[in-house]
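Chains as they are written, first to last, in the numbering used here: chain B, 938 to 1186; chain X, 63 to 454. For each residue, glycine too, the CB sits at the ideal point set by N, CA and C. Predicted, not measured: the structure shown is a model, and the values here were computed from it. Here's the structure we're looking at; comments come further down.
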């Protein structure tokens, strides 16, 4: 009430990640997101907030069908009921996620137990929940006693089964084939020139030489087609490229 | 080629001698002056139209130009009626009806077929007035022959696609390079009615070339102590057996003679030297011409006993040239093939040629083109045909 906003808001998520204690007084800027881990910054005046106030900040007026989850700096999650109160300065909360649901689904991610508000979760969301960069890491289903299974970024897994699903996050390692030869990549996108060099590491390369590239078994963004200079493609396990200088007759 | 009426076979000669008013047009025989009774009981002249190929005729049906012939007593002649629909059988040849009447033993020849239909129809007119006859002895000049073939293209007339096939008849095209791909392009293009096919290649046709050429080179093609024939000479002789207009050029295309191909309707570029390809593509682009560039590459797979092939066709037409630089190799990876294999296979050459000719036929309007791509590739290991550079 007494705060007139000439004062810069305290950025809660950044301070938490840096391990800095929050200011005594607001305003505060909190990140509130959704099930795809897309966040928006919202301003809160008071460090002591209820679940209902978080929902209001997120634009949800009737919170009976919604749920607030706190993403803690430790990597765990904790639900926040409408009337429940949290002190931003004291709790380990980093960000909030609002779900349009009334159920929670339990999963294990790395060493943490997480209660999640949607019944399916994607590979990309798991990587973000683990605090990693999706350009470098990917999620795997940790099969008890069986073979681990990698998840493509937009592939989802059901959390509804009675067992608690287990996931781990590892650096990206994508196996593709270039001219029938296997290659393992540590990223999800390649440019035209990078594919050429996988096929013809020694070139030659100059502005008049053109390599013709086509591919198949790609991800939904680019399932099959051609590549020319300046293009790039998203990769998927098992994707195949053919690279040839088509200059013979 | 003279058309069938200039040196007619026995059945056509008999029709002519009896006085039928014959004309040869767009690969079909027209019999004019067929008197028939109309729906309003007047008598008018119609024209019967038939293809002419094998004897006995494989097709017993007959087209007709006019309105539906009736009986003197009234009503359509149901004995011949089949369907009524305007159809373009060839340039300047629009028919209105299709008749069907098949005697139990079929037609022996075209005299039998024509007289039967003519008599069924004209008998009704003659019953109104005996002066009406189809045998008017009128001489009708047939069109100047523009077909390059030495014998009739009855494939097109039998399939009823003569009108479509005629889109090629005014075209003058060139095939630059008569290697594996170029010779297959020639094999396909020679069977269309294009007026001229200029083939350019400075190389001779050696024994190993026979294994990537269409058809089978005979044993006498190479003789000890003699130079092998030029490729363009060898192929010009082969296709001269079937048609005129294949013009051999033993000088390869370079800066001195590129002007020879810049005013043709279409150029197929089937060369394997980057600088030559660059010269031709850039000059044709600068002059706003239409062309297709072909190229293929075959390499060894991870298992070195297996091969991996890819072929490409890239098309340039007025207003569609921006994609050429990123798709057409204008320099050689290994100019003399000293360090890399130069592997080509006959089926890759043939497929490359087929892709080029199919695209040319789409551009010419013979086939519908919905994709309207200007670049296309095929990979053997994917069994996948890709289209790119869509400008529609």
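Exercise. Can you give, in chain order, each stretch of the beta strand (DSSP E) that sits fully within the stretch 281-331 of chain X and has at least 3 residues?
Worked result: Within the stretch 281-331 of chain X, the complete beta strand (DSSP E) runs of at least 3 residues are 308-311 and 328-331.
Exercise. Apart from the five residues on each side of it in sequence, which residues of its chain come closer than 6 Å, Cβ to Cβ, to residue 374/X?
Worked result: Numbered from 1 along the second chain, position 312 holds the residue referred to as residue 374/X. Apart from the 5 residues on each side of it in sequence, residue 374/X sits with its Cβ closer than 6 Å to the Cβ of 357 and 439 in its chain, given in chain order.
For this session: Tell me whether the beta-carbon of residue 1047/B lies closer than 8 Å to the beta-carbon of residue 1106/B.
Result: The residue labelled residue 1047/B in the question sits at position 110 within the first chain. The residue labelled residue 1106/B in the question sits at position 169 within the first chain. Against a cut-off of 8 Å, the Cβ pair of residue 1106/B and residue 1047/B comes out as a contact.
For this session: Determine which residues share a DSSP beta bridge with residue 1076/B and list them.
Result: The residue you call residue 1076/B lines up with position 139 of the first chain. Under DSSP, residue 1076/B shares a beta bridge with 1106/B.
Problem set entry | Short CB-CB distance (under 8 Å) between residue 1163/B and chain X | Counting from 1 along the first chain, the entry for residue 1163/B is found at position 226. Cβ-Cβ to chain X under 8 Å: yes for residue 1163/B.
Problem set entry | Residue burial classification, residue 451/X (beta-carbon count within 10 angstroms, cutoff 16) | Translated into the one-based positions of the second chain, residue 451/X becomes position 389. Around the C-beta of residue 451/X, 16 or more other C-beta atoms lie within 10 Å, and the residue is accordingly described as buried.
Exercise. In chain B, what lies closer than 8 Å to residue 166/X by C-beta?
Worked result: In the second chain, the residue the question calls residue 166/X occupies position 104. Within 8 Å Cβ-Cβ: nothing; residue 166/X doesn't reach chain B, min ~56 Å.
For this session: Return the CA-CA distance between residue 1049/B and residue 436/X, expressed in angstroms with no decimal places.
Result: As a working note, residue 1049/B is residue 112 in the first chain. As a working note, residue 436/X is residue 374 in the second chain. In a straight line, the C-alpha of residue 1049/B is about 54 Å away from that of residue 436/X.
Exercise. Beta-carbon of residue 1146/B versus every beta-carbon of chain X: anything under 8 Å?
Worked result: Here residue 1146/B refers to the residue found at position 209 of the first chain. For residue 1146/B, the answer is yes, since a Cβ of chain X falls inside 8 Å of its Cβ.
For this session: Using DSSP bridges, identify the partner residues of residue 448/X.
Result: Here residue 448/X corresponds to residue number 386 of the second chain, with the count starting at 1. For residue 448/X, DSSP records a beta bridge to 439/X.
For this session: Would you list the residues sitting across from residue 1162/B in a DSSP beta bridge?
Result: Taking the first chain and counting its residues from 1, one reaches residue 1162/B at position 225. Per DSSP, the beta bridge partners of residue 1162/B are 1152/B.
Problem set entry | 8 Å CB neighbourhood of residue 1074/B in its chain, flanking five on each side removed | Position 137 of the first chain, counting from 1, holds the residue named residue 1074/B. Within the same chain, Cβ atoms closer than 8 Å to the Cβ of residue 1074/B are found at 1064, 1067, 1106, 1107, 1108 and 1109, the five residues on either side in sequence being excluded.
For this session: Measure the C-alpha to C-alpha separation of residue 368/X and residue 255/X and round it to an integer number of angstroms.
Result: For this step, residue 368/X is matched to residue 306 along the second chain. For this step, residue 255/X is matched to residue 193 along the second chain. Looking at the backbone, the Cα of residue 368/X and that of residue 255/X are separated by about 40 Å.
Problem set entry | Nearest to residue 111/X (by Cα), restricted to the options 282/X, 325/X, 422/X and 89/X | As a working note, residue 111/X is residue 49 in the second chain. Each of 282/X, 325/X, 422/X and 89/X was checked against the Cα of residue 111/X, and the nearest Cα belongs to 89/X.
For this session: Buried or exposed for residue 101/X, please, with buried defined as at least 16 other CB atoms from any protein chain shown within 10 angstroms of its CB.
Result: For this step, residue 101/X is matched to residue 39 along the second chain. Result: exposed.
Exercise. The ligand PLP heavy atoms versus the CB of residue 311/X: any closer than 7 Å?
Worked result: Within the structure as shown, the ligand PLP is missing, as the structure has no ligands at all.
Exercise. Taking any Cβ of chain X, which residues in the stretch 1129-1161 of chain B have a Cβ under 7 Å from it, in chain order?
Worked result: So the close ones are 1141, 1143, 1145, 1146, 1147, 1149, 1151, 1153 and 1161.
Exercise. Would you say residue 83/X and residue 65/X are within 8 Å of each other, going by their C-beta atoms?
Worked result: By 1-based counting over the second chain, the position of residue 83/X is 21. By 1-based counting over the second chain, the position of residue 65/X is 3. Contact: no.
Exercise. Going by C-alpha distance, which of 230/X, 267/X and 424/X is nearest residue 252/X?
Worked result: Residue numbering aside, residue 252/X sits at position 190 when the second chain is read from its first letter. If we check each option's Cα against that of residue 252/X, 230/X comes out closest.
For this session: Measure the alpha-carbon distance for residue 126/X versus residue 158/X and round it to whole angstroms.
Result: Locating residue 126/X in the second chain gives position 64, where the first residue counts as 1. Locating residue 158/X in the second chain gives position 96, where the first residue counts as 1. Separation of residue 126/X and residue 158/X (C-alpha to C-alpha, rounded to the nearest whole angstrom) is 6 Å.
Problem set entry | Other residues of its chain near residue 144/X: CB distance less than 8 Å, five sequence neighbours each side excluded | Stepping through the second chain from its first residue, residue 144/X is reached at position 82. Closer than 8 Å at Cβ, skipping near neighbours: 123, 159, 160, 161 and 162.
Problem set entry | Residue interval of the beta strand (DSSP E) (run including residue 237/X) | Numbered from 1 along the second chain, position 175 holds the residue referred to as residue 237/X. From DSSP, the beta strand (DSSP E) with residue 237/X extends over 234-238.
For this session: Please confirm if residue 89/X has its CB atom under 8 Å from at least one CB of chain B.
Result: Position 27 of the second chain, counted from the first residue, corresponds to residue 89/X. Look at residue 89/X: its C-beta is not under 8 Å from any C-beta on chain B.
Exercise. Which residues, in order along the stretch 224-244 of chain X, keep a beta-carbon less than 8 Å from a beta-carbon of chain B?
Worked result: Going along the stretch 224-244 of chain X in chain order, one finds 239, 241, 242, 243 and 244 with a Cβ nearer than 8 Å to chain B.
For this session: At 7 Å on the CB atoms, spell out the chain X contacts of residue 1166/B, in chain order.
Result: Taking the first residue of the first chain as 1, we reach residue 1166/B at position 229. Against chain X, the beta carbon of residue 1166/B has neighbours under 7 Å at 388, listed in chain order.
For this session: Could you tell me whether the stretch 289-297 of chain X touches the stretch 317-328 of chain X, where touching means 3 or more Cβ pairs closer than 8 Å?
Result: Because the criterion of three Cβ pairs below 8 Å is not met, the stretch 289-297 of chain X and the stretch 317-328 of chain X do not touch.
Exercise. Per DSSP, what kind of secondary structure is residue 179/X in: helix, strand or coil?
Worked result: Residue numbering aside, residue 179/X sits at position 117 when the second chain is read from its first letter. Helix, per DSSP.
Exercise. Do the stretch 1017-1030 of chain B and the stretch 1075-1090 of chain B make contact, defined as three or more Cβ pairs closer than 8 Å?
Worked result: Judged by Cβ distances under 8 Å, the stretch 1017-1030 of chain B makes no contact with the stretch 1075-1090 of chain B, as fewer than three pairs qualify.
Problem set entry | Through-space distance from residue 152/X to residue 103/X, alpha-carbon basis | Counting from 1 along the second chain, the entry for residue 103/X is found at position 41. Counting from 1 along the second chain, the entry for residue 152/X is found at position 90. Whole-angstrom Cα-Cα distance: 31 Å.
Exercise. Name the DSSP bridge partner or partners of residue 361/X?
Worked result: Counting from 1 along the second chain, the entry for residue 361/X is found at position 299. Residue 361/X has 370/X as its beta-bridge partners, per DSSP.
Problem set entry | At least three beta-carbon pairs within less than 8 Å, the stretch 372-390 of chain X to the stretch 211-230 of chain X | In short, these stretches do not touch, since the Cβ pair count stays below three.
Exercise. Taking buried to mean at least 16 other C-beta atoms within 10 Å of its own C-beta, is residue 1142/B buried or exposed?
Worked result: Your numbering for residue 1142/B matches position 205 in the first chain. Exposed, by the Cβ-count rule.
For this session: List the residues of chain X that residue 1185/B touches, going by C-beta distances under 7 Å, in chain order.
Result: Looking up residue 1185/B in the first chain gives position 248. The contacting residues are 334, 357, 358, 359, 404 and 406.
For this session: Take residue 205/X as the anchor and find which of 167/X, 245/X, 354/X and 154/X has the nearest alpha-carbon.
Result: As a working mapping, residue 205/X is identified with position 143 in the second chain. Looking at the Cα atoms, 154/X is the closest of the given residues.
Problem set entry | Length of the line joining the Cα atoms of residue 954/B and residue 1026/B | As a position in the first chain, residue 954/B is number 17, starting the count at 1. As a position in the first chain, residue 1026/B is number 89, starting the count at 1. So the two alpha carbons sit approximately 13 Å from each other.
Problem set entry | Own chain, CB closer than 6 Å to residue 1183/B, minus 5 neighbours either side, in chain order | Here residue 1183/B is taken as the residue at index 246 of the first chain, counted from 1. Taken in chain order, the residues that qualify are 1149.
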